[in-house]
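Undergrad: Chains as they are written, first to last, in my numbering: chain U, 131 to 419; chain A, 53 to 448; chain W, 31 to 374; chain F, -1 to 304. Let me give you the structure first, and then I'll get to my questions.
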């Protein structure tokens, strides 16, 4: 039993009066492949935004590794090993496929000064120097920097290859077909060396064949990079197919958790998806998907 | 990519080079400035070229335009009377948009490209100060018609002026206010954006206090403001007998109106920046009875003045303002110097100009002192019935 | 484009451009210095290029919008100017005066740049945390404040201006910096760090999610841009005899904005070309008009309105400007090919 | 004491003008999230229209209520048209483009107007200011402290007009169908469009309204400060924008409050401390507000959608 990489503990968020997410809890360990489902507006993406720090939870906590990350900046949380894709694709459209991944691959380079506490003035100054140090090296194009850049580029192209996008290397992201854009987003997310990967409807807009491939691919990613993966997906078939454990949201509330069979059989879930009228007509339930 | 970056650089330089060719009419590039006076250039053989720089665009454009017209008239008169030593005179004018860097640029142009014998300008002291070093280092005499800041002629022995300087003008108004108007408490409202206004303020406040008056308040505004109530209210509280406003007519008119609106009864005093018919349009009744110092008055009975006014009317159909008069004088002083000089350029012209004594100018008789400043009286004018009235002349 | 060099980096690759540029400029130096007017024009062009390219790092690459570049230029100009005034009499012993002057000039420029950079940080931090268009207003206000400060400070010469700064600027020095800023802009733009700037311009939220500290990057870009604006100001101070607040109004800022918009927000070479053209064109027209006896001043009169019109027309007709985000060498080959086809 | 009251009045008078201009900024920003940089210059154009009318009617010689109304009518109407044209041909084509393009266009238009009007070709006024005819016979109302403090009828009138316009605007935004539509558009103009709201017409309407307001403000401004010049729009426009941001941009009463506040702050800084720092006041104030309370005094921060 490996240790917990991502943990939400009764995280809730409200916008004005609207309770968008209530007491959302889950744990992700290395090798997990979990699903987050629910009808439209159930708060799935909101959950992602809370986990990744786009929104700060109004109550409850989010932990990445052992660190409590409430109120941390998204980029800080990402650096702790949590990467995501977006439901409405958010690639850097004017950049090439390769550059999209390069940006993500850019991990914090070897600092000029080692910074122990970034809090103190000394720490701040040192940190600032480090920041600009990167750029000085970029401007001077020092051999060390040239090497780093070369490595980054190599890693980026590897990731493109993994996602089967090598042939698109130098094309602008905006010119890629929909399916490939989704894959590029995953490649980009992987660039940040995540421990946990959050996929927001990765299969949306794909045809059945692509989806099948994607299912395989997601499993491969998990094994190859030793990830924990959380998938939002509408397509029951896909989710039931790959996820060992599923959480179901409705109106921001967790109405069911458990393995696919259990969830499939859950009355609340069926109500949420099909409305209770369905139950009256089909008393023998459990026929979802 | 770096190689390419280089190429673009090449390109820029290339552009510059050919640009230069287009611009310079002179076949051979002018020799490096300092030693050789630019008289060597062929363009100055048949005709003597005067250079003039002024701001013909922008808020105070009227100044530049008047000066230009004054210069043009002087030149055409000179040519009508057979030019200088048989050589015709021409004038090359550049606009500096009132910007110092453009003034410096224009000066460089006149020197390096047009090889002028002398440079006339600028009105604003800042711009003259931008031009002066260029003229000095190229040994081309420069005569400023109306830059009143002392620093201008301090740049070097090639820099002259045909107008009095701020210290004198400030002194005149202080004297007039104290002796003629019997003012004991005065306030000052200065234009923060203009060096000219700053200069006059400093001198006026110093002199006025020396004479035993008291300055009850100094407030500031910035050119282009339209609401002066805050400053005026503050001044009103100090209850001065007179307010000295060494600004430009564009602001003074509005200030006057708002002052009277706020019930300020104090007399308004000003400097030569007031000189413009716009003052009466903007100020209306409010500027009536105000006084300001100036370089000359159209009412001055002196023959050369009246003759100047007459021919100016003939040429431009308007009564010349003081800047036209000063432009006229600057050009004539320059040409007078050329007549006396062995060679109408460079050092010999400088020496000739330095000798200028009791020259009958339209704006008063001009004698240049050791500091190359004109020593001449100033006139005090009063606004009456929408035009200026000559009050008195005050000599140094 | 050199996205990344060979696996083993080399100092040669890093230094090559300078090794080429320095001799080239050194060769041109004596030629230009005999032509005062060409010298002046080339200096102005150079300064404008530096301004345009540096502003392009913020407005073009990072997609923020600063319209107070003249403010930073002013800070740099006055800082460098004061420094040079202080060391006017000094000379570095054991060096030919010419050389020591140039070294002192470099020092002055660095001072100017550094001070401007500090101001850039102070202005940038608050406004760059907010949504884009606040920056526009704050930078604009900053320019105004600088003006007022200068007018109230005796050391800075108040409204009359600061004169007596040694006129040490040379063609070599100006264009060396032009070269430096272009090189820096290109190298940053091509590095993964620079790509992060583009990422911010493209989609700030996604950039954040990919671990880009967007605020820090924006501020950093802003600081570097301010630094070079300061250097440009410093150079300006060393070939214009008097420094006056009137030279650094927001009209100046707008000129620079027009340059980068016309050149194509994000295109360094575009900025360079636009800067050259927009600086030389008025000069050329003025000369032309004067030769035909038409008042050259009308050129300067219509300049500003035309700039305004240019902005509108560009945004409506060709928002990507001359080159969009690409560089000349990306465009030229294609363009030439098209020309060939057309001719054939 | 007297001077204090006088300063108070001056400050309010100045603030009133800022307020009227700021309202236009705020409305346009509300519906388009666009800083309409050209707003102040539209005001300037409107003022020159009024100037032309007043001149041709010789209103300063024989003032008449109808004449005054005509001045306001013409300039406000004219500006409404200009506002419409600008929106239609400069902003609408860019609505789906990145916000930057629209901002640059706005700046371009501002430049075109403010410097175009400085050309002294033909009908254009030229750079130097013109005296604005006294279309309302200036008189002193209710002299306080034995005439020490002066309150002008014009000041009172413009103050009342400003309040009136603000209340009217508030009513329009929150009580009328047009206002409902405006708010819908400002929330999300695409969705509003889908809901069958004629987005284009609403936005155009907003622009016309804002521009008309600006013109009115311009005339009052010219009456107050007795002069018109091409650059007046730039300064007042910027100050008004600052006021709008201080009050919380997009917020109608906030804009007015911010404007009055700014007017007073400027007045008292100049009146009681060094007047040489005047121009720095507004922007210094702005930067402080942005540091302390970025959303302005009344505004709310809206989380960006992901």
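No residue lacks a Cβ here, since even glycine has one placed at the ideal position from N, Cα and C.
Who are residue 139 (chain F)'s beta bridge partners in DSSP?
TA: By one-based count along the fourth chain, residue 139 (chain F) stands at place 141. BP columns for residue 139 (chain F) point to F:149.
Undergrad: Check this for me: beta carbons of residue 107 (chain W) and residue 267 (chain W), under 9 Å apart or not?
TA: Along the third chain, read from residue 1 onward, the residue named residue 107 (chain W) stands at position 77. Along the third chain, read from residue 1 onward, the residue named residue 267 (chain W) stands at position 237. Taking 9 Å as the Cβ cut-off, residue 107 (chain W) and residue 267 (chain W) qualify as a contacting pair.
Undergrad: How should residue 173 (chain F) be labelled, buried or exposed, when 16 other C-beta atoms within 10 angstroms of its C-beta is the threshold for buried?
TA: Here the question's residue 173 (chain F) lines up with position 175 in the fourth chain. Exposed, because fewer than 16 other Cβ atoms sit within 10 Å of the Cβ of residue 173 (chain F).
Undergrad: Residue 15 (chain F) to residue 156 (chain F), Cα distance in whole Å?
TA: Position 17 of the fourth chain, counted from the first residue, corresponds to residue 15 (chain F). Position 158 of the fourth chain, counted from the first residue, corresponds to residue 156 (chain F). Their Cα atoms are separated by approximately 8 Å.
Undergrad: Taking the alpha helix (DSSP H) that residue 111 (chain W) falls in, what are its first and last residues?
TA: On the third chain, residue 111 (chain W) is found 81 positions in, with the first residue counted as 1. That run of the alpha helix (DSSP H) goes 99 to 116.
Undergrad: Where residue 382 (chain A) and residue 96 (chain W) are concerned, what is the direct C-alpha to C-alpha distance, given to the nearest angstrom?
TA: By 1-based counting over the second chain, the position of residue 382 (chain A) is 330. By 1-based counting over the third chain, the position of residue 96 (chain W) is 66. Roughly 45 Å separates the two Cα atoms.
Undergrad: Of all the options A:231, A:240 and A:251, which has the alpha carbon lying nearest to the alpha carbon of residue 220 (chain A)?
TA: Taking the second chain and counting its residues from 1, one reaches residue 220 (chain A) at position 168. Ranking the options by Cα distance to residue 220 (chain A), first place goes to A:251.
Undergrad: Is residue 480 (chain A) close to chain F, meaning its C-beta is less than 9 Å from at least one C-beta of that chain?
TA: Residue 480 (chain A) falls outside the range modelled here, since chain A spans only 53 to 448, and no answer is possible.
Undergrad: Which residue marks the beginning of the alpha helix (DSSP H) containing residue 375 (chain U), and which one marks its end?
TA: Here residue 375 (chain U) refers to the residue found at position 245 when the first chain is read from its first residue. That residue, residue 375 (chain U), is in no alpha helix (DSSP H); its beta strand (DSSP E) goes 375 to 380.
Undergrad: Where do the ends of the beta strand (DSSP E) carrying residue 436 (chain A) lie?
TA: Here residue 436 (chain A) refers to the residue found at position 384 when the second chain is read from its first residue. Residue 436 (chain A) -> beta strand (DSSP E) spans 430 to 436.
Undergrad: From what residue to what residue does the alpha helix (DSSP H) around residue 374 (chain A) run?
TA: Within the second chain, numbered from 1, the residue matching residue 374 (chain A) stands at position 322. Start and end: 374 to 392.
Undergrad: What residues match up with residue 302 (chain U) in a beta bridge as DSSP calls it?
TA: As a position in the first chain, residue 302 (chain U) is number 172, starting the count at 1. Answer by DSSP bridge pairing, in chain order: U:226.
Undergrad: Using a Cβ-Cβ cutoff of less than 8 Å, which residues in the same chain neighbour residue 297 (chain F) once the five nearest sequence positions on both sides are dropped?
TA: Taking the first residue of the fourth chain as position 1, residue 297 (chain F) is located at position 299. Only 245, 246, 247, 248, 249 and 252 meet the Cβ criterion.
Undergrad: Tell me where the beta strand (DSSP E) around residue 214 (chain U) begins and ends.
TA: Numbered from its first residue, the first chain carries residue 214 (chain U) at position 84. Start and end: 212 to 214.
Undergrad: Among residues of its own chain, excluding the 5 on either side of residue 338 (chain A), which ones have a beta-carbon nearer than 6 Å to its beta-carbon?
TA: Your numbering for residue 338 (chain A) matches position 286 in the second chain. So the qualifying residues of the chain are 308, 309 and 312.
Undergrad: Can you give me the start and stop residues for the alpha helix (DSSP H) that residue 133 (chain F) sits inside?
TA: By 1-based counting over the fourth chain, the position of residue 133 (chain F) is 135. Per DSSP, residue 133 (chain F) belongs to no alpha helix (DSSP H) and is neither H nor E.
Undergrad: Round the Cβ separation of residue 345 (chain W) and residue 102 (chain F) to the nearest angstrom and send it over; I've been treating them as touching at under 8 Å.
TA: Along the third chain, read from residue 1 onward, the residue named residue 345 (chain W) stands at position 315. Along the fourth chain, read from residue 1 onward, the residue named residue 102 (chain F) stands at position 104. Confirmed, about 5 Å.
Undergrad: Between which two residues does the alpha helix (DSSP H) holding residue 94 (chain F) run?
TA: The count along the fourth chain starts at 1 and reaches residue 94 (chain F) at position 96. That residue, residue 94 (chain F), is in no alpha helix (DSSP H); it is neither H nor E in DSSP.
Undergrad: What's the call for residue 48 (chain F), buried or exposed, on a 16-neighbour Cβ count within 10 Å?
TA: In the fourth chain, residue 48 (chain F) corresponds to position 50, counting from 1. Burial call: buried.
Undergrad: How many Å lie between residue 271 (chain F) and residue 421 (chain A) at the Cα?
TA: In the fourth chain, the residue the question calls residue 271 (chain F) occupies position 273. In the second chain, the residue the question calls residue 421 (chain A) occupies position 369. Going from the Cα of residue 271 (chain F) to the Cα of residue 421 (chain A) covers about 42 Å.
Undergrad: What did DSSP end up calling residue 105 (chain A) once you bin it into helix, strand or coil?
TA: The sequence position of residue 105 (chain A) within the second chain is 53, counting from 1. In this structure, residue 105 (chain A) counts as strand in the three-state DSSP scheme.
Undergrad: Could you give the C-beta distance for residue 227 (chain W) and residue 92 (chain W), rounded to a whole number, given that I count them as a contact under 8 Å?
TA: Translated into positions along the third chain, residue 227 (chain W) becomes position 197. Translated into positions along the third chain, residue 92 (chain W) becomes position 62. About 5 Å; that satisfies the 8 Å criterion.
Undergrad: Pull up the CB-CB distance for residue 104 (chain A) and residue 123 (chain A), whole angstroms please, since I reckon it's below 8 Å.
TA: Taking the first residue of the second chain as 1, we reach residue 104 (chain A) at position 52. Taking the first residue of the second chain as 1, we reach residue 123 (chain A) at position 71. Sure, about 5 Å apart at Cβ, within 8 Å.
Undergrad: Answer yes or no: do residue 376 (chain U) and residue 389 (chain U) have a C-beta to C-beta separation smaller than 9 Å?
TA: What you label residue 376 (chain U) is simply residue 246 of the first chain in a count that begins at 1. What you label residue 389 (chain U) is simply residue 259 of the first chain in a count that begins at 1. Against a cut-off of 9 Å, the Cβ pair of residue 389 (chain U) and residue 376 (chain U) comes out as a contact.
Undergrad: Residue 239 (chain A) touches chain F at which residues, Cβ-Cβ below 8 Å?
TA: What you label residue 239 (chain A) is simply residue 187 of the second chain in a count that begins at 1. Under the 8 Å cutoff, chain F gives no residues; its nearest Cβ is about 12 Å from residue 239 (chain A).
Undergrad: What are the boundary residues of the alpha helix (DSSP H) that residue 263 (chain U) is part of?
TA: For this step, residue 263 (chain U) is matched to residue 133 along the first chain. 251 to 270 is the span of the alpha helix (DSSP H), which, as asked, contains residue 263 (chain U).
Undergrad: For residue 232 (chain W), go through chain U and note every residue whose CB falls closer than 7 Å to its CB, in chain order.
TA: Numbered from 1 along the third chain, position 202 holds the residue referred to as residue 232 (chain W). Those are 222, 223, 224 and 225, listed as they occur along chain U.
Undergrad: Is it buried or exposed, residue 276 (chain F), if we count other Cβ atoms within 10 angstroms and call 16 or more buried?
TA: For the purposes of this step, residue 276 (chain F) is taken as the residue at position 278 of the fourth chain. With 16 or more Cβ atoms within 10 Å of its Cβ, residue 276 (chain F) is classed as buried.
Undergrad: Could you say which of W:173, W:68, W:365 and W:251 lies nearest to residue 266 (chain U) if we only look at CA atoms?
TA: Counting from one through the first chain, the residue named residue 266 (chain U) turns up at place 136. Nearest C-alpha to residue 266 (chain U): W:251.
Undergrad: Pick from F:95, F:273, F:178 and F:242: whose alpha carbon is nearest that of residue 232 (chain W)?
TA: Sequence index remark: in the third chain, residue 232 (chain W) carries index 202 (1-based). Selected option, being the one with the closest Cα: F:95.
Undergrad: If we call anything under 9 Å between Cβ atoms a contact, is residue 449 (chain U) one with residue 351 (chain U)?
TA: Residue numbering for chain U in the displayed model covers 131 to 419; residue 449 (chain U) lies beyond these limits and cannot be assessed.
Undergrad: If you follow the beta strand (DSSP E) that residue 194 (chain A) is part of, which residue opens it and which one closes it?
TA: Within the second chain, the letter at position 142 stands for residue 194 (chain A). Taken as a continuous stretch (DSSP letters only), the beta strand (DSSP E) holding residue 194 (chain A) covers 194 to 196.
Undergrad: Between residue 256 (chain U) and residue 108 (chain A), what straight-line distance do the alpha-carbon atoms span, to the nearest angstrom?
TA: Numbered from its first residue, the first chain carries residue 256 (chain U) at position 126. Numbered from its first residue, the second chain carries residue 108 (chain A) at position 56. If you take the alpha carbons of residue 256 (chain U) and residue 108 (chain A), they lie about 54 Å apart.
Undergrad: Taking the straight line between their C-alpha atoms, what separation do you get for residue 339 (chain W) and residue 122 (chain F)?
TA: Position 309 of the third chain, counting from 1, holds the residue named residue 339 (chain W). Position 124 of the fourth chain, counting from 1, holds the residue named residue 122 (chain F). Roughly 17 Å separates the two Cα atoms.
Undergrad: Take the Cβ of residue 363 (chain W) as the centre, count every other Cβ of all protein chains shown within 10 Å, and call the residue buried at 16 or more, exposed below.
TA: Looking up residue 363 (chain W) in the third chain gives position 333. Residue 363 (chain W) comes out exposed.
Undergrad: Since residue 348 (chain A) contacts residue 399 (chain A) with CB under 8 Å, what's their CB separation in whole angstroms?
TA: Mapped onto the second chain, residue 348 (chain A) falls at position 296. Mapped onto the second chain, residue 399 (chain A) falls at position 347. So it is not a contact: roughly 31 Å between Cβ atoms.
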